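Remarks on the structure that follows.
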Amino acid sequence: MKQFNKQATSLLLAAGMGLAATAAWSADNLADVLKARGLSQQDLLAAAKTYVPTGKRDEFVVFSSGGQSGQVIVYGIPSMRILKYIGVFTPEPWQGYGFDESSKKVLAGGRIDGKDITWGDTHHPAISETNGEYDGQFLFINDKANPRIAVIDLRDFETKQIVVNPVFKSEHGGTFVTTNTEYVIEAAQYPAPLENKKFYPLEEMNEKYRGGVTYWKFDRKEGRIQTNESFSLELPPYWQDLSDAGKGPSEGWSFTNSFCSERYVGGIEKGRPPYEAGCSAKDTDYLHVINWKKAAELVKAGKAKKINGHNVLPIEVSVKEGILFLVPEPKSPHGVDVTPDGKLIIVAGKLDTHVSVFSFEKIQAAIQSGKFESKDPYGIPVIGMKDALHVQVSLGLGPLHTQYDSKPCIAYTSLYVDSQVAKWNYCEGKVLDKLSVHYNIGHLMTMEGDSTKPAGKYLVALNKLAIDRFVPVGPLHPQNHQLIDISGDKMQLLYDMPLPLGEPHYAVGIDAKKLKPAVRYKVGTDSRTDKPHPGATLAGQEKTVKKGNKVEVFGTLIRSHITPETIEVDVGDEVTIHLTNLERAQDETHGFTVSTFNVHASVEPGKTVSVKFKADKEGVYPYYCTEFCSALHLEMMGYLLVKPKGWKPTKMELAKGSYTEADYKATVKKVVDTQAIIDSVVAYITSVNYKDFPDVVAMVEDAFDQLGKTKGLKEKHEGFAAKKDWENANLWAEQIWQYQVKTADLGLRAKTYLEQNGAKKVK
Ligand code: CUK
Ligand code: CUA
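Numbers in this note's numbering are just positions in the sequence shown, counted from 1, shifted up by 619.
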């Protein structure tokens, strides 16, 4: 942080000097650019703090909800450059998500009542934690509309699992993880009967409608949620909202706020005041305080009842066993955020200017001494607000969410109505600073701000409205994520990023060094199951198998051809094409599609993917690689021939080229010349300490891999030449050159890398 200020000063000095000496500088000096673009020194400072030069990387990585897009958006901080969209609840064609067989199975996990639901209202991402700190292994995110949770593995940033909540019809407060990611918490939103497909009239709201909180058991070794070990607490038909897990002294507990504890039922069409009036009539709602550790034990002890095959602890059991309590919280609360030390719980008032800071110690004292002010209509003990409060602070209009700084006692709260971020001290209850944002902020997010060790430095304001901030793109505006420097005493606005995909509610930011994604898969891996793919194929073992009307192709991909290059089937056949990417080179992804059959696969190095379709129309359908993978990418294709019933071949010969001996000799010379280039590059690489550069070692391995494929081809073309078959002689010589080109390409890339990264001569 000090560093920032030092940098800032010297930058300002530099800029100042520039301004003073304008006349002497060339046309594109800093001062001229500032002037020409109408930038202030403050702008320059912000630019310097966010600019990440070419070749450099961001310090933090953000996982943002993609809102209604059903995806997750990944971007870097401080540059705010978008790095990836991860398909989660919605098919995502680039990654083949929903267009290949394994990813279709992941999406099928999110089917409800036998129906595909191909969108999601994603809200709250959470990074897996170890001892309360982000560990960078998994990401979870919820779908508010169709209560579901997804698991994303951060080794490959792919969605591995979607689970459907068995008892809720909507949810909001998910996902929040416990200190060691034992459970992923998901709370209901709008009350409904817990039994599936059960109708009760709205008049029976109080008796038959329920809310709840689900604790999804996460198996870290498998990287999957275990549905049979998961459970829910039945809760009154208050509208449960957000949640947070306890940590440190409050570990084993979780907190879920609620609104509309009025249990109001609207009905504008019947002349009743709308929900918005009826749901905010009372001065307080309830914070639910739950001992989840004990709840898990009760479930193990058989105290849960099964609803829709899922373990649910009835309210009476939770009350009797002393694991569920309520604390009044002011007027239509929204966020609930446990402080990094786990001692305090901060709830914002949405319709109240205050945030309320509750003390876990006081809550526990009340529970221990049995000091309750009343019971709610369902018999749940209510702790007096005064007995639980640490402090209340008036921050401004519409406080929503709170995040924490690396500095003790410092928190940031979003003020929706004021369109401001408030920085304040929650230990002393003092407001320290306010910054206007643009406009109407929902969530905010500090780096690692949900963990026990927030990293400070930056804050992102996730603003709901952009209004006039960007070039207009029609009535539907992007959202505005604003980057704020929180390293000094005063917050400083640095950058506006339009987010053009859904309404991202929440985001989490992690130190980029904690993420260790893989470069390639072990050859033959099904990335969605993390297991060996039954359709995996090695080079030279490609085959097409036809059994009845089922055709299975076991193929491979490598620059720049697909094996096989012709697939012949009969009309009506069910065709499955398994493809293994044999590449090991970083970023050598191939794509695959077959014209008009609505299939697509992204096949990263080592991955095996299957696409499946019914060849229900006769004809000729090109298939090809969809990623520009090499200079001869466009040649990476083949034909699917769907033959009519009873078709018999008539003309058996393929059209021939007219190659001559001269063509052959020219190709052979090209091969010899290229080999000389390769040899010189190899000589350079081996003359320096290339082994000290793992990236280069990988490139060299890949290069020799490619060159290795030329084995036996020289004999082959010479054999055809001896028989004066110039077509085959020329083409096989050409194929050697194709491999050489890829070798040279990698070799030159390695050479450039070594030159740019200070490789040293070795003897
Ligand atoms: S909620 Cu969107 S601003 Cu769904 Cu987390 Cu508060
Ligand atoms: Cu492989 Cu293009």
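Backbone N, C-alpha and C define an ideal beta-carbon position, used for all residues, glycine too. Note that this is a predicted model, so its numbers are computed, not measured.
| Check | Outcome |
| --- | --- |
| Can you tell me whether ARG1368 is helix, strand or coil according to DSSP? | helix |
| Could you pull the DSSP bridge partners for MET1066 from this structure? | GLY1075 and GLY1128 |
| With respect to 7 Å, is the separation between the Cβ of TYR1125 and the closest non-hydrogen atom of the ligand CUK below this value? | yes |
| So, LYS969 versus PRO952, is the Cβ gap smaller than 8 Å? | yes |
| Below 7 Å, is the gap between the Cβ of HIS953 and the nearest heavy atom of the ligand CUK? | yes |
| Secondary structure at LEU1253, three-state DSSP: helix, strand or coil? | helix |
| Take every Cβ of the segment 1289-1301, pair it with every Cβ of the segment 1213-1231, and state whether three or more of those distances are shorter than 8 Å. | no |
| So LEU1118 and ASP1104 are in contact, right, with Cβ under 8 Å, and what is the actual spacing, rounded? | The pair is not a contact, with the Cβ atoms about 20 Å apart (cut-off 8 Å). |
| State the CB to CB distance for the pair PHE991 and ILE1002, rounded to an integer number of angstroms; the pair is presumed to be in contact (CB under 8 Å). | 6 Å |
| Go through the segment 967-1028 residue by residue and report every complete run of the alpha helix (DSSP H) that reaches 4 residues or more, in order. | 979-988 and 1004-1007 |
| Which residue or residues does DSSP assign as beta-bridge partners of GLY871? | Per DSSP, none; premise fails for GLY871. |
| Quick one, which of SER747, PRO810, ASN825 and THR833 has its alpha-carbon nearest VAL782's? | THR833 |
| Are there 16 or more other CB atoms within 10 angstroms of the CB of ARG829, so buried, or fewer, so exposed? | buried |
| So GLN1325 is in the alpha helix (DSSP H); what residue range does that whole segment cover? | 1313-1327 |
| Distance check for ASN1376 and ILE1304, CA to CA, integer angstroms please. | 13 Å |
| Check whether the Cβ atoms of GLY842 and VAL770 sit closer than 8 Å, and answer yes or no. | yes |
| Roughly how many angstroms separate the alpha carbons of ALA985 and PRO868, rounded to a whole number? | 16 Å |
| Does the ligand CUK have even one heavy atom less than 7 Å from the beta-carbon of GLY968? | no |
| Closer than 7 Å to a non-hydrogen atom of the ligand CUK - does that hold for the CB of GLY1061? | yes |
| Helix, strand or coil: how does DSSP classify HIS907 here? | strand |
| Just mark GLU1223 as buried or exposed, buried being the case when its beta carbon has 16 or more other beta carbons within 10 Å. | buried |
| Please report the Cβ distance between PHE759 and VAL803, rounded to the nearest whole angstrom; I am assuming they are in contact, meaning their Cβ atoms lie under 8 Å. | 5 Å |
| Give me the residue from ASP677, GLY751, GLU1184 and GLY685 with the minimum Cα distance to SER698. | ASP677 |
| Please determine whether the Cβ atom of LEU861 lies at a distance below 7 Å from any heavy atom of the ligand CUK. | yes |
| Going straight from the alpha carbon of MET1255 to that of TRP911, what length do you get? | 55 Å |
| Does the segment 1121-1137 come into contact with the segment 1160-1177, if we say contact requires no fewer than three beta-carbon pairs (one atom in each stretch) closer than 8 Å? | no |
| Which first and last residues belong to the alpha helix (DSSP H) in which PHE1339 is found? | 1332-1341 |
| Does the distance from the CB of GLY865 to the CB of PHE979 come in under 8 Å? | yes |
| Taking the beta carbon of ALA1274 as the centre, do at least 16 other beta carbons fall within 10 Å, making it buried, or is it exposed? | exposed |
| Does the beta-carbon of SER1221, which I'm using as the reference point, lie nearer than 7 Å to any heavy atom of the ligand CUA? | no |
| Pick helix, strand or coil for THR1163, following the three-state DSSP scheme. | strand |
| Examine the ligand CUK and report whether any of its heavy atoms sits within less than 7 Å of the Cβ of LEU1014. | no |
| Assess contact between the segment 737-744 and the segment 1245-1260, defined as three or more Cβ pairs (one per stretch) separated by less than 8 Å. Is contact present? | no |
| Check whether the Cβ of LEU1176 lies closer than 7 Å to any heavy atom of the ligand CUA, and answer yes or no. | yes |
| By DSSP, does ASP1145 sit in helix, in strand, or in coil? | strand |
| Could you tell me which residues DSSP puts in a beta bridge with ASP1052? | LYS1042 |
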